[in-house]
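Undergrad: This note's numbering applies: residue 137 is where the sequence shown begins, and numbers increase by one. Virtual Cβ for every residue (Gly too), placed ideally from N, Cα, C.
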Amino acid sequence: MIGTARQAWLSLPGNGRGAIWITVGTVFFALNDVAVKTAGLTMHPLQLGFFRYFLGFILLMPLFYQLGWDGLKTERLGLHFLRAVIAGTGQIAVFYSVIHLMLADATSISFSRPLFMTLLAVLILGEVVAWRRWVATAIGFIGVIIVARPGDGVIEPAALIGLSAAFLFSIGLVLIRRLGSTEPPTRILFYYHGIGTVLSFGPAIWVWKQPIGQEWVMLLMIGIFTTVAMICFVRGFVVGEVSVLGPMEYTRLVYAAILGYLVFAEIPVIWTWIGSAIIVASAIFIARSEAFGRKSKPAESD
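Here it is as structure tokens:
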């Protein structure tokens with residue numbers, strides 16, 4: 137029976153299997169936000185960050201062991217360290233925004249990553265960006281402003297922190313592109329979680345609160361949910377096309393809104409949906425234009 141199920145699974149087209157992986161990963165990311173928001177009622181984001189990296193490292197140890205020490209050795213430790221610092225700071229900022237904003241708002245703001253990637257592609261990677269992509273980026277940031285809904289001309293601090301998290305994660309993605317030329321995914325995960333655990337330990341001790349009861353459950357969920365979601369996304373993008381699967385991540389907003397309502401009695405206002413629609417539409421346009429650009433390059437060089 138297991139063999140039949142495996143055969144049926146492998147008979148699915150790559151994008152079909154990838155879509156299932158991404159859907160499962162998206163659900164786990166949304167569930168993780170619930171765990172973070174619940175734990176954040178009594179615990180500091182710095183402590184949550186430490187447990188996220190430490191438990192993630194423990195859960196991924198079978199993969200690290202399989203690669204072996206020779207496979208984990210790197211000549212790019214400095215770049216791994218830089219990525220861990222930047223993305224780790226972004227992770228803490230994400231936790232803060234999830235704790236202090238409605239889940240739907242925090243999720244919508246996190247979708248601004250592709251908008252920042254346009255800026256970074258020019259500044260760091262030296263890419264040439266077409267004017268249509270610049271327009272889509274500008275429109276996307278208008279959507280961010282709509283979601284943030286600045287009152288009296290001032291945007292809520294948690295929204296700004298969430299936006300800064302998206303920017304930091306965008307830099308982290310650029311660094312992954314740099315690392316990806318020589319480093320396999322498992323090695324990148326090893327240094328990200330290992331360095332992240334070490335760097336987050338000191339700040340966590342500074343604000344440490346001994347977890348009790350439900351807090352331990354939430355911490356364990358954060359470690360498990362983020363690790364499972366990350367593995368699902370990696371597997372999904374390995375078997376499917378990024379341009380097809382990427383937009384599926386935005387279904388996370390629906391899960392966030394549903395979970396926010398069921399668990400925290402949050403009801404997103406109409407401006408959240410309008411701003412989110414603008415952000416998602418802009419991000420999808422950018423992703424599609426990138427995919428089209430990559431496909432057209434070989435033809436242009438003939």
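1) Just checking my contact of residue 333 with residue 200 at CB under 8 angstroms: how many whole Å lie between their CB atoms?
2) May I ask which residues mark the beginning and end of the alpha helix (DSSP H) holding residue 264?
3) Taking contact to mean at least 3 C-beta pairs separated by less than 8 angstroms, is the segment 157-177 in contact with the segment 390-401?
4) Exposed or buried, which one is residue 188 when buried takes at least 16 other CB atoms within 10 Å?
5) Mind checking which residues open and close the alpha helix (DSSP H) that includes residue 384?
6) If you draw a straight line from the alpha carbon of residue 226 to that of residue 146, how long is it in whole angstroms?
7) How many Å lie between residue 437 and residue 265 at the Cα?
8) What is the residue span of the alpha helix (DSSP H) that residue 216 lies within?
9) Pick out whichever of 330, 261, 179, 155 has its Cα sitting closest to the Cα of residue 347.
10) Can you give the beta carbon distance from residue 223 to residue 328, rounded, assuming they're within the 8 angstroms contact cut?
11) Excluding the 5 residues preceding and the 5 following residue 307 in the sequence, name in chain order all residues of the same chain whose CB lies nearer than 6 angstroms to its CB.
12) Using the three-state DSSP reduction, which class does residue 364 fall into: helix, strand or coil?
13) From residue 192 to residue 362, what does the alpha carbon distance come to, in whole angstroms?
14) Helix, strand or coil for residue 349, going by three-state DSSP, please let me know.
15) Since residue 187 is in the alpha helix (DSSP H), which residue starts that stretch and which ends it?
16) So, is residue 240 buried or exposed, given that buried needs 16 or more other C-beta atoms within 10 angstroms?
17) Can you name, in chain order, every residue of its own chain whose Cβ lies under 6 angstroms from the Cβ of residue 345, other than the five neighbours on each side?
18) Just curious, the alpha helix (DSSP H) that residue 344 is in, first and last residue?
19) Can you give the Cα-Cα distance for residue 408 and residue 257, rounded to whole angstroms?
20) Are the CB atoms of residue 358 and residue 298 nearer to each other than 9 angstroms?
21) Do you know how far the Cα of residue 304 is from the Cα of residue 352?
22) Using DSSP with H/G/I as helix, E/B as strand and the rest coil, what is residue 315?
23) Rounded to a whole number of angstroms, what is the C-alpha to C-alpha distance between residue 268 and residue 382?
24) Answer yes or no: do residue 242 and residue 233 have a C-beta to C-beta separation smaller than 9 angstroms?
25) Would you mind giving the Cβ-Cβ distance between residue 284 and residue 291, rounded to the nearest angstrom? I have them listed as a contact below 8 angstroms.
26) Rounding to the nearest angstrom, what Cα-Cα distance links residue 320 and residue 174 in this structure?
27) Please list, in chain order, all residues of the same chain as residue 331 whose beta carbon is under 7 angstroms from its beta carbon, the five residues on each side excluded.
28) Note down the Cα distance separating residue 376 from residue 342, rounded to an integer number of angstroms.
29) Which stretch, first to last residue, makes up the alpha helix (DSSP H) that contains residue 164?
TA: Quick answer:
1) About 13 angstroms separates the two Cβ atoms, so there is no contact after all.
2) Segment: none, residue 264 is in no alpha helix (DSSP H) and carries neither H nor E.
3) The segment 157-177 vs the segment 390-401: in contact.
4) Residue 188 should be labelled buried.
5) Secondary structure note for residue 384: it is in no alpha helix (DSSP H), with a DSSP letter that is neither H nor E.
6) In a straight line, the C-alpha of residue 226 is about 36 angstroms away from that of residue 146.
7) In this prediction, residue 437 scores a pLDDT of 35, lower than 50, which makes its location untrustworthy; no coordinate-derived value is stated.
8) Element bounds for residue 216: 213-236.
9) Closest by alpha carbon: 179.
10) In this structure residue 223 touches residue 328 by the C-beta definition: roughly 7 angstroms separates them, less than 8 angstroms.
11) Same-chain partners within the cutoff: 222.
12) Residue state, collapsed to three classes: helix.
13) Approximately 8 angstroms between the Cα atoms of the pair.
14) Coil, per DSSP.
15) First-last of the alpha helix (DSSP H) with residue 187: 181-208.
16) Within 10 angstroms of the beta-carbon of residue 240 lie 16 or more other beta-carbons, which makes it buried.
17) Non-local beta-carbon contacts of residue 345 in its own chain, meaning distances under 6 angstroms to residues more than five positions away in sequence, involve 179 in chain order.
18) First-last for residue 344: undefined, no H or E at that position.
19) Taking the straight line joining both Cα atoms gives about 28 angstroms.
20) In this structure, residue 358 sits away from residue 298, with a CB-CB distance that is not shorter than 9 angstroms.
21) So the two alpha carbons sit approximately 28 angstroms from each other.
22) In this structure, residue 315 counts as helix in the three-state DSSP scheme.
23) About 19 angstroms.
24) Cβ atoms of residue 242 and residue 233: closer than 9 angstroms.
25) Their Cβ separation, rounded to whole angstroms, is 5 angstroms, which keeps residue 284 and residue 291 in contact under 8 angstroms.
26) Within the model, the alpha-carbon separation for residue 320 versus residue 174 is close to 35 angstroms.
27) Contacts found: 216, 217, 220.
28) Between the alpha carbons of residue 376 and residue 342 lies a distance of about 43 angstroms.
29) In the DSSP assignment, residue 164 falls within the alpha helix (DSSP H) that extends over 150-175.
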